[in-house]
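Here the sequence shown is numbered in the working numbering, starting from 2 and rising by one per residue. These notes concern the structure reproduced below.
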Amino acid sequence: MKRIFSVLFAAAVGMGAQSAWPQAGAPLLLGEPPELDQVERILLRPGELPSVRLTADILYRILVAEIAAQRGEYLQAAELLYGLARETSDPRLAKRSFQFAMAARDLSAALKAAKQWVLVAPNDPDAVASSLALSASSGQSSGLAGNLRDRVEKASNKERAIAEAASIVSKMSDKRVAYDVLEKALPDSVLNLPLAHLALADAAWQAEDPTRALEAAREALRLAPKSEMAAQRVLEYGLKVDPRAAIRETEEFIKLHPDMRRLRLLLVNRLVLRHEFDAALSHVADMRQRAPEDFDLLYTEAEVNVRAERYGRAKELLNQYIEVQKQRGSALPDKASTAGGDESDARLLLVQIAEKEGDHAEAIRQLDLITEPSVRFQAQIHKAVLIGRRGDLEGARRTLQALTPQDDNERSVVALTLASIYREAGRSEEAVKVLEKADADLPDTPEIKYDLAMLYERQGRYEDFERLMRRIIELSPDNANAYNSLGYTFADRNINLDEAEELLEQALELDPDNPYILDSVGWYLYRTGDYSGAVEYLRRSWYQLPSGEVAAHLGEVLWMMQRKEEAREIWRQGLQQEPDNEVLKKTLKRFGVKLEKGR
């Protein structure tokens, strides 16, 4: 399946206040693993440096490497300095080689340089950590647990050593092996530290073992009975094991520690996801009673009511919140106040409510009330979209023309938005003209080329589609959507299947869990006769994206495998999701299958 809208455009017009709540299932790591050191620092004392005469040849090669790096030729620079580091045993050169290899994103060269760095500076903790981390990310786990255990045992700061060990194993691709390595790396002498069990909990969670994750989190909480981080993990990981027990444990903990705000907000969020709205609102009410000056809880309560579709109450709360922010804005200096942004968030949530209630006029009114400079442009973009949906294409165009884009990014958003408005109104030719002009004005903008290519494909202009997609790949080699769209189109037309395979493999490598790409891979496998493989990928796509097109594809493969009742059921579900999906309707017609919508 091809992604129809460009990522940039989707982000630009996807209005609505963003909740600060963590997403369901998001790992609660000890903190993101620190980036490997990219700043040149001389870690060794002068007396520890090798005694090497600075010859003209060495100086020349260093200068060539630095010039190459300035030109962006990082791998060449890394190789030059690696050779020098081996000749001179100078750790500074090995480290510099490592840094340039990392800048080139060549892990093999970086690992080679890191090992040389360790060889000439075995007592440098950064060198050892870098080498171990790269070994882990390359899947070289042999001896890793022993090395990490030795570092933890010798460390004067045990908690820092534990965090470093957790960071290193987190880079391993096989998360189950990573958990085993970390477990072996933590000696008994540190198992009395809560942080050790928090690290194990996170590693088990990443290894998709919620039972072990919960056990470790509970042990961390036993060792540190007031730890909010441990309590958060008991809730989050426990929800996968026994949701009711996890919620009960968390509520008992909150009775003892009612002022732990982050934990309570996490609990509110998870209750909302379970549609336990009254329980969530009860917690918010208690929090507001305990902290009446915490006006952000007004917004939180409004969010819960929106999720519960109690729009009347939500609007009351949001209007109260807006008044509070206006008062804050008047009382505080401009630079010290976030009131403008907070008021904008509330108005964006009111826009969402108005749209859900079908009141586009109110949504537009709220968008016009947004004055915060950082949000104003986006608000007016969304206003144009709503005006277009009301059928006033000229009004939408005027709204966009009235904007003053500050840079090429905003100029491209204006063009993409106008083209989308025309496309939604069925005026594809005008959409093409808008994007062709924008492509001429902003020739190196992948998002414009992508949307234009998709319109060409819809019009059957396959040569133009292919030309633009190939150019996008040149401009943006990491653009998974471009590889996917070109590969899918080849597979769908049953042409260039060898290249389609290469393109889809690249897309899958860049974005392995993308449901659009999984659908495309499944469709390619179907075209090549691998029905079992096709079903596997299409089911994974359907699980994430139960759309009409994925249903059409999955149902067709099942039908051809003579699993016709399964096919009918998938098609029924697809009709429930998208009753008017053209791909699904054509598939049903082709197989002579008649299903009632929604049944």
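Where a beta carbon is used, it is the ideal one built from N, C-alpha and C, also for glycine. Note that the coordinates shown come from a computational prediction; the quantities given were computed from them, not determined experimentally.
Going by C-alpha distance, which of the options is nearest residue i?
i             : options                        : result
glutamate 237 : Ala225, Arg152, Thr251, Tyr463 : Thr251
tyrosine 532  : Gln545, Ser109, Glu506, Leu559 : Leu559
glycine 488   : Gly389, Ala214, Lys438, Ala508 : Ala508
glycine 396   : Ile365, Glu184, Val414, Val376 : Ile365
leucine 268   : Arg234, Pro188, Val242, Phe296 : Arg234
glutamate 550 : Trp572, Asp151, Gly530, Tyr538 : Trp572
valine 644    : Glu356, Arg271, Arg152, Gly342 : Past the edges of the chain, shown from 2 to 600, lies residue 644, and the structure says nothing about it.
alanine 111   : Leu419, Glu80, Thr490, Leu299  : Glu80
alanine 420   : Ala66, Ala205, Gly389          : Gly389
leucine 183   : Val153, Asn193, Pro211         : Val153
leucine 526   : Ala492, Glu500, Ala553, Ala309 : Ala492
aspartate 442 : Val522, Asp408, Trp524, Lys327 : Asp408
leucine 85    : Arg72, Ala69, Ile63            : Ile63
arginine 391  : Lys565, Pro580, Ala426, Ala57  : Ala426
Once DSSP output is grouped into helix, strand and coil, what is the label at residue i?
i                 : result
alanine 105       : coil
serine 413        : helix
valine 549        : The question names valine, but residue 549 is glycine in the sequence shown. Note: glycine 549 maps to helix in three-state DSSP.
valine 386        : helix
isoleucine 323    : helix
aspartate 295     : coil
glutamine 563     : coil
phenylalanine 592 : coil
leucine 426       : Just to set this straight, residue 426 is alanine in the shown sequence, not leucine. Alanine 426: coil per DSSP, three-state reduction.
proline 406       : coil
methionine 230    : helix
isoleucine 371    : coil
alanine 1         : The structure shown does not extend to residue 1, since the chain spans only 2 to 600, so no value can be given for it.
glycine 313       : helix
leucine 443       : coil
aspartate 581     : coil
histidine 276     : coil
serine 345        : helix
arginine 62       : helix
lysine 258        : According to the sequence as given, residue 258 is histidine; it is not lysine. Looking at histidine 258 - three-state DSSP - the assignment turns out to be coil, as it is neither helix nor strand.
methionine 455    : helix
glutamate 358     : coil
arginine 366      : helix
alanine 122       : coil
glutamate 304     : helix
aspartate 151     : helix
glycine 461       : coil
leucine 55        : coil
glutamate 41      : Per-residue confidence for glutamate 41 stands at a pLDDT of 29, beneath the threshold of 50, marking its modelled position as unreliable; the derived number appears in the next sentence. Three-state result, glutamate 41: coil.
arginine 271      : helix
lysine 587        : helix
tryptophan 543    : helix
arginine 391      : coil
glycine 556       : helix
glutamate 74      : coil
Contact criterion: CB-CB distance below 9 Å. Does residue i meet it with respect to chain B?
i           : result
alanine 208 : No chain B appears in the structure shown, which is made up of a single protein chain.
Taking Cβ positions, are residue i and residue j nearer each other than 9 Å?
i              : j              : result
alanine 200    : alanine 166    : yes
alanine 231    : leucine 222    : yes
tyrosine 322   : alanine 347    : yes
valine 435     : tyrosine 451   : no
leucine 511    : asparagine 480 : yes
proline 259    : alanine 225    : no
isoleucine 449 : alanine 416    : yes
valine 305     : alanine 281    : yes
threonine 490  : tyrosine 463   : yes
isoleucine 354 : alanine 380    : no
leucine 299    : leucine 318    : yes
leucine 264    : glutamate 229  : yes
methionine 288 : arginine 262   : yes
arginine 150   : alanine 186    : yes
glycine 330    : glutamate 344  : yes
alanine 553    : leucine 585    : yes
alanine 530    : glycine 556    : Just to set this straight, residue 530 is glycine in the shown sequence, not alanine. It is not a contact, given that the beta carbons lie outside the stated cut-off.
alanine 205    : tyrosine 180   : yes
tyrosine 75    : alanine 114    : no
glycine 65     : serine 90      : Before going on, a small fix: residue 65 reads as valine here, not glycine. It is not a contact, given that the beta carbons lie outside the stated cut-off.
Hey, is residue i close to the ligand FAD, as in C-beta under 8 Å from one of its heavy atoms?
i             : result
isoleucine 63 : The ligand FAD is not part of this structure, which contains no ligands at all.
Quick check on the DSSP output: what are the complete beta strand (DSSP E) runs of length 3 or more inside the region 159-228, in order along the chain? none
What ranges does the alpha helix (DSSP H) occupy inside the region 464-540, keeping only unbroken runs of at least 4 residues that lie completely in it? 481-494, 498-511, 516-528
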